[in-house]
Amino acid sequence: MEIKLQLNGRAVCVPDVAPDTTLYDFLRAQGCASVKCGCETSNCGLCTVFLDDVPVLSCSVLAARAAGHKVTTLEGLQAEAAEFVGFIADQGADQCGFCNPGFVMNTIALLRENPDPTDEEIKAYLSGNLCRCSGYEGQLRGIRRFLDSRKEVPHA
Amino acid sequence: MPENKTKYVGTAVRKKDSLQLLLGKPVYTADIAPQGALVVKLLRSPHANAMVKTIDTTIAKKVPGVVDIYTWQDVPHNRYTNAGQTYPEPSPYDRLILDRHLRFVGDPVAIIAAETEKAAHKAMKLIKVEYEVLDAVLDFRTAKDNPTLVHPEEDWLPLCDVGGDNHRNLVASGEEKDGDVEAVLAGCDIVLDHTYHTRAANQAMMETFRTYTDLDRYGRLHVLSSTQIVFHCRRILSRALGIPKSRIRVEKPRIGGGFGAKQTSVSEVYPAFVTMKTGRPAMITYTRQESQIAGSPRHEMEVRVRLGADKDGRIRALDLYTLSNSGAYGEHGPTTVGLSGHKSIPLYTGSLEAFRFRYDVVYTNLQAAGAYRGYGATQGIFAVESIVNELAEKLHIDPTELRDRNMVRQGMTMPAYYNEPANACALDRCMARCREIFDWEHRYPVRDMGNGKVRAAGVAMAMQGSGISGVDVGSVTLKLSEDGTYNLIIGAADMGTGCDTILAQMAADCMDCPVEDVAVFGADTDVSPYDSGSYASSTTYVTGKAVEKACAELTGRICTIGAELLGCDAADVTFEGSCVRAADGRTVSLTDIAYKSQVSNNCAAEVTATHSSPVSPPPFMVGMAEIELDKLTGEVQVLEYDAVVDCGTPVNPALARVQTEGGIAQGIGMTLTENVTYDAAGKPIESSFMQYKIPTRLDVGHLHVEFESSYEPTGPFGAKSIGEIVINTPAPAIAHAIMRATGVWHRELPITPEVIAMGKADED
Numbered sequence: 003m004e005i006k007l008q009l010n011g012r013a014v015c016v017p018d019v020a021p022d023t024t025l026y027d028f029l030r031a032q033g034c035a036s037v038k039c040g041c042e043t044s045n046c047g048l049c050t051v052f053l054d055d056v057p058v059l060s061c062s063v064l065a066a067r068a069a070g071h072k073v074t075t076l077e078g079l080q081a082e083a084a085e086f087v088g089f090i091a092d093q094g095a096d097q098c099g100f101c102n103p104g105f106v107m108n109t110i111a112l113l114r115e116n117p118d119p120t121d122e123e124i125k126a127y128l129s130g131n132l133c134r135c136s137g138y139e140g141q142l143r144g145i146r147r148f149l150d151s152r153k154e155v156p157h158a
Numbered sequence: 047m048p049e050n051k052t053k054y055v056g057t058a059v060r061k062k063d064s065l066q067l068l069l070g071k072p073v074y075t076a077d078i079a080p081q082g083a084l085v086v087k088l089l090r091s092p093h094a095n096a097m098v099k100t101i102d103t104t105i106a107k108k109v110p111g112v113v114d115i116y117t118w119q120d121v122p123h124n125r126y127t128n129a130g131q132t133y134p135e136p137s138p139y140d141r142l143i144l145d146r147h148l149r150f151v152g153d154p155v156a157i158i159a160a161e162t163e164k165a166a167h168k169a170m171k172l173i174k175v176e177y178e179v180l181d182a183v184l185d186f187r188t189a190k191d192n193p194t195l196v197h198p199e200e201d202w203l204p205l206c207d208v209g210g211d212n213h214r215n216l217v218a219s220g221e222e223k224d225g226d227v228e229a230v231l232a233g234c235d236i237v238l239d240h241t242y243h244t245r246a247a248n249q250a251m252m253e254t255f256r257t258y259t260d261l262d263r264y265g266r267l268h269v270l271s272s273t274q275i276v277f278h279c280r281r282i283l284s285r286a287l288g289i290p291k292s293r294i295r296v297e298k299p300r301i302g303g304g305f306g307a308k309q310t311s312v313s314e315v316y317p318a319f320v321t322m323k324t325g326r327p328a329m330i331t332y333t334r335q336e337s338q339i340a341g342s343p344r345h346e347m348e349v350r351v352r353l354g355a356d357k358d359g360r361i362r363a364l365d366l367y368t369l370s371n372s373g374a375y376g377e378h379g380p381t382t383v384g385l386s387g388h389k390s391i392p393l394y395t396g397s398l399e400a401f402r403f404r405y406d407v408v409y410t411n412l413q414a415a416g417a418y419r420g421y422g423a424t425q426g427i428f429a430v431e432s433i434v435n436e437l438a439e440k441l442h443i444d445p446t447e448l449r450d451r452n453m454v455r456q457g458m459t460m461p462a463y464y465n466e467p468a469n470a471c472a473l474d475r476c477m478a479r480c481r482e483i484f485d486w487e488h489r490y491p492v493r494d495m496g497n498g499k500v501r502a503a504g505v506a507m508a509m510q511g512s513g514i515s516g517v518d519v520g521s522v523t524l525k526l527s528e529d530g531t532y533n534l535i536i537g538a539a540d541m542g543t544g545c546d547t548i549l550a551q552m553a554a555d556c557m558d559c560p561v562e563d564v565a566v567f568g569a570d571t572d573v574s575p576y577d578s579g580s581y582a583s584s585t586t587y588v589t590g591k592a593v594e595k596a597c598a599e600l601t602g603r604i605c606t607i608g609a610e611l612l613g614c615d616a617a618d619v620t621f622e623g624s625c626v627r628a629a630d631g632r633t634v635s636l637t638d639i640a641y642k643s644q645v646s647n648n649c650a651a652e653v654t655a656t657h658s659s660p661v662s663p664p665p666f667m668v669g670m671a672e673i674e675l676d677k678l679t680g681e682v683q684v685l686e687y688d689a690v691v692d693c694g695t696p697v698n699p700a701l702a703r704v705q706t707e708g709g710i711a712q713g714i715g716m717t718l719t720e721n722v723t724y725d726a727a728g729k730p731i732e733s734s735f736m737q738y739k740i741p742t743r744l745d746v747g748h749l750h751v752e753f754e755s756s757y758e759p760t761g762p763f764g765a766k767s768i769g770e771i772v773i774n775t776p777a778p779a780i781a782h783a784i785m786r787a788t789g790v791w792h793r794e795l796p797i798t799p800e801v802i803a804m805g806k807a808d809e810d
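Shown next, in the form of structure tokens:
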């Protein structure tokens, strides 16, 4: 089947997509290397992308379901991500990095929904994003420092 | 270099790769591997112990897109080990690429090479195999001298005498002692005797095993793999495939986590074999299920401890017997078991009069174990630290005070640790500081919250090593570029730990230059100087020292070239980072020296330095856990985990802290949720993240990490290690807290809500 969708702001049309292709496989084939797979069972959050600006697990969504919709990966959100990932880096919480894209995507979704979350809200929202390296605390500190830095900016 | 003169060592420099990782750039094996490689899939054994009677691939090979299928008849008959260890490996040579004898559920039966994953999967279903199913050894307590042999083959080959015997299902066995442990035990006021059981926990790194292979422009085998051990991997492939090492190149890109899993060549040989057979690029990507059932998890161990003490809490004797389950193959079996004693008993050097440590490592028809952070120390420390907590409870002595009376202290010689001296040991300060930040005095007493929940606390100490003494080799090459910047080329493997960065910090301080001016590359067997690889907590301590040596040597060469430009003797100039200065004050810039190194020059502006250490100085640590336990459901919530670590000098405090937090989180998972069980036929149950529950960010509580630094004289900038020790305290500390809350000692991991809710107080 042919799939037409909007990927990171550009129109994409791919002929001959097998009906059972997952959105994850479709996006990797489109060169979106940021999208990672950690478990195949919707448990780890590594494959998080936005479907019409809503975070979904691309390993568990058929590419066909994205046809006609807007799909966004980290490749399409570099500027928005760059605003806060330095704060994660300052904590050394990037570690192996394999979970980072999914974590960054879901953090962007969180901050769009709730620009000033509490620690508990951050933990709850990101609870589906596993990380085996960091123990999570450094990620939390990084987000907190980012939020604090935004508050320090004087109003114009 | 004195410890107070560093600019970068001791500061939280960002990891050199951090923004690439955080912005999702293509830096991992599967991101870099070219498209169009053959997809390699493995048909795996459904039986724990079976022989392939017949195997027919005729129909499967007819599936469109299938390029070839290989069985035991197609592979070389060279037994080898997948263990990434220095030659001669203590692990026995007990594997073939494909063996007619299948030894666990998941053992490869056939290698399928196809143009697409779909074709490979279809072919897998069409391979006809007739199995002769054999009795299986599924309980490691019955493995030794069991009539069923896991490795009956005559060509089983141990390279080292580690007390193994394949006709007894023994991978290794041994005994060590100091003093007469039975005599001391007989004279003790109190003797405790308990057995502690830990399971084959999985590293569960986020990136599963994966390898890409092709033939390079010289027709050599080129391997791009997510590995901690490029050089060992090259040797393993050379033996398994029967091709010389000069015909193999192994490189690693960024690694999506290792924790020891990738210290075993789990996935490399299969695509390598396909590429050698077909001449075509090939790629294998393990599914999470494959990583769970056919990876290289922790050795399941049962540790029996006999502890003898006086009424006043003086611990006088420790007697350990460790039974370790190596599974179907012997990777890391002979070595992991050693740490269960070597890294637990010496914690009590302060008072011990005698110790004995005996062990057996056995084969079973279960998933082969490997290296997992802690490497046996985790299992041994769970046992020893638990029994010390049991002693404290029995004697009604505060468990932190009990440890104060018995712990190893700086300046002591550790008989249970190869008689090495504790040159740098801040364990006493770690305990004092942890007590303070945790508020032990108020948190240790059990508090009933009045809602069916109880709060309680527990404590544990830990140690590890820093590299393998007298074995590990670290090397670096340092090159000066014409603009006065440097290239640092290493053979160690940054798997997210940040070693590329901390080694650059050391180089920057030695060369007195900005850390940004040190570009790091690693690791590639064609380019990197030889390094054992990143494991055994070696990289900071061993490879770091090689950095110091390389910098000293390169400084000498820069001075030589600079002196030539200045027209004076090399002995009369000083290196000042950005220039070389003559005795009369004249200088020549580093840039000019670098340019000179490329014109009419006979003194290479690059050096390779190597380091190996005769000792392995232990880092030390104290961990304290506060839990809230629901008495009705048995649910345990970790509220607070505080830890104070002595890793010598923390080279990068941010990275050392995150290492510690990450290790604690893994330890919490191992203690509470990460179960490993099998059905009656030996098939693993927890084969996905649906069943194998690693902690989420809601499960770890608040972590608070501090450092109490010592200065290790043999380490670079006074550093020891940090990577492994950090996983060792949660199990005993949390088990302790659970006992405080419930009155029941749980001596088997994981301690799940079911186990707690059904738990009965021990008769003793």
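If you're matching them up, the sequences are chains A and Z in order. This note's numbering runs 2 ahead of the 1-based position in the first sequence. This note's numbering runs 46 ahead of the 1-based position in the second sequence. Backbone N, C-alpha and C fix where the C-beta goes; we use that ideal spot for every residue, glycine too. All of these numbers come straight from a predicted model, not from anything done at the bench.
Quick check on the DSSP output: the alpha helix (DSSP H) that includes Z:Ile-339 runs from which residue to which? 334-339
Tell me, which residues are paired with Z:Phe-277 by DSSP? For Z:Phe-277, which the question treats as bridged, DSSP gives no partner whatsoever.
Going straight from the alpha carbon of Z:Gly-426 to that of Z:Lys-174, what length do you get? 45 Å
Specify the secondary structure class of A:Val-87 as computed by DSSP and reduced to three states. helix
Starting from Z:Arg-703, trace the alpha helix (DSSP H) in both directions and tell me its first and last residue. 699-718
Spell out the partners DSSP gives Z:Ala-328 in its beta bridges. Z:Leu-84 and Z:Thr-259
Using a Cβ-Cβ distance under 8 Å, would A:Cys-134 count as near chain Z? The sequence as given places Arg at residue 134 of chain A; Cys does not occur at that position. With 8 Å as the cut-off, A:Arg-134 counts as an interface residue toward chain Z.
Going by C-alpha distance, which of Z:Ala-592, Z:Met-453 and Z:Met-347 is nearest Z:Tyr-409? Z:Met-347
Cβ pair Z:Leu-412, Z:Gly-708 closer than 8 Å: no
Is there a Cβ from chain Z that is less than 8 Å from the Cβ of A:Thr-1? In the structure as shown, chain A starts at 3 and stops at 158, and residue 1 of chain A therefore has no counterpart that could be examined.
Please confirm whether Z:Asp-810 has its beta-carbon closer than 8 Å to some beta-carbon of chain A. Annotation note: pLDDT 45 at Z:Asp-810 (below 50); position unreliable, coordinate value reported separately. No, because no Cβ of chain A sits closer than 8 Å to the Cβ of Z:Asp-810.
Please report the distance separating the alpha-carbon of Z:Lys-61 from that of Z:Asp-540. 10 Å
Apply the 10 Å Cβ neighbour rule to Z:Leu-216 and answer buried if 16 or more other Cβ atoms are within range, or exposed otherwise. buried
Members of the segment 60-80 of chain A near chain Z, C-beta cut-off 8 Å: Thr-75, Leu-76, Glu-77 and Gln-80
Pick from Z:Ile-771, Z:Ser-515 and Z:Asp-725 that is closest to Z:Asp-185, judged by C-alpha positions: Z:Asp-725
What residue from Z:Phe-305, Z:Arg-266 and Z:Gly-761 has the CA that sits closest to Z:Glu-770's CA? Z:Phe-305
Determine the chain A residues that contact Z:Pro-752 at a beta-carbon separation under 9 Å, and present them in chain order. Residue 752 of chain Z is actually Glu in this sequence, not Pro. Within 9 Å Cβ-Cβ: nothing; Z:Glu-752 doesn't reach chain A, min ~13 Å.
Buried or exposed: where does Z:Arg-489 fall if 16 or more other Cβ atoms within 10 Å of its Cβ makes it buried? buried
Considering Cα atoms alone, identify which of A:Leu-9, A:Asp-92, A:Ala-68 and A:Glu-4 is closest to A:Arg-146. A:Asp-92
Here's the rule: buried if 16 or more other CB atoms are within 10 angstroms of the residue's CB, otherwise exposed. What is Z:His-748? exposed
Z:Asn-248: first and last residue of the uninterrupted alpha helix (DSSP H) it sits in: Element bounds for Z:Asn-248: n/a, residue is neither H nor E.
Smallest Cα separation from Z:Leu-795: which of Z:Arg-743, Z:Phe-753, Z:Ser-734 and Z:Val-722? Z:Val-722
Give me the Cα-Cα distance between A:Leu-149 and A:Glu-77, rounded to the nearest whole angstrom. 23 Å
For A:Gly-130, which option in A:Leu-64, A:Arg-67, A:Val-87 and A:Cys-41 has the closest C-alpha, if you only look at C-alpha atoms? A:Cys-41
If you count every other CB in all the chains shown that lies within 10 Å of the CB of Z:Tyr-843, and 16 or more means buried, which is it? Past the edges of chain Z, shown from 47 to 810, lies residue 843 of chain Z, and the structure says nothing about it.
Which one of Z:Gln-309, Z:Ala-779, Z:Gly-210 and Z:Ile-797 has the shortest CA to CA distance from Z:Ile-282? Z:Gln-309
Can you find the residues in the same chain that come closer than 6 Å, C-beta to C-beta, to Z:Val-668, ignoring five residues on each side of it along the sequence? Cys-476, Met-477, Cys-480, Met-507 and Val-690
Beta carbon of Z:Val-593, beta carbon of Z:Leu-549: below 8 Å? yes
Starting from the C-beta of Z:Lys-591, find all residues in its chain whose C-beta is less than 6 Å away, skip the five residues before and the five after it, and write them out in chain order. His-657 and Pro-762
Determine the chain A residues that contact Z:Gly-130 at a beta-carbon separation under 7 Å, and present them in chain order. Within chain A, no residue comes near Z:Gly-130; the closest Cβ sits about 18 Å away, beyond 7 Å.
Segments assigned beta strand (DSSP E), at least 3 residues, entirely inside the segment 451-537 of chain Z: 499-509, 520-526 and 532-536
Z:Gly-154 - containing beta strand (DSSP E), residue span: Before going further, note that residue 154 of chain Z is Pro rather than Gly in the sequence given. From DSSP, the beta strand (DSSP E) with Z:Pro-154 extends over 154-160.
Distance between beta carbons of Z:Tyr-332 and Z:Ala-83, contact taken as under 8 Å: Contact doesn't hold; Cβ gap of about 15 Å is too wide.
Please confirm if the segment 385-405 of chain Z is in contact with the segment 162-180 of chain Z, defined as three or more CB-CB distances below 8 Å between the two stretches. no
Which residues share a DSSP beta bridge with A:Pro-57? A:Phe-52
Mind checking the segment 114-143 of chain A against chain Z and listing, in chain order, the residues whose C-beta falls within less than 9 Å of any C-beta there? Ile-124, Lys-125, Ala-126, Leu-128, Ser-129, Gly-130, Asn-131, Leu-132, Cys-133, Arg-134, Cys-135, Ser-136, Gly-137, Tyr-138, Glu-139, Gly-140, Gln-141 and Leu-142
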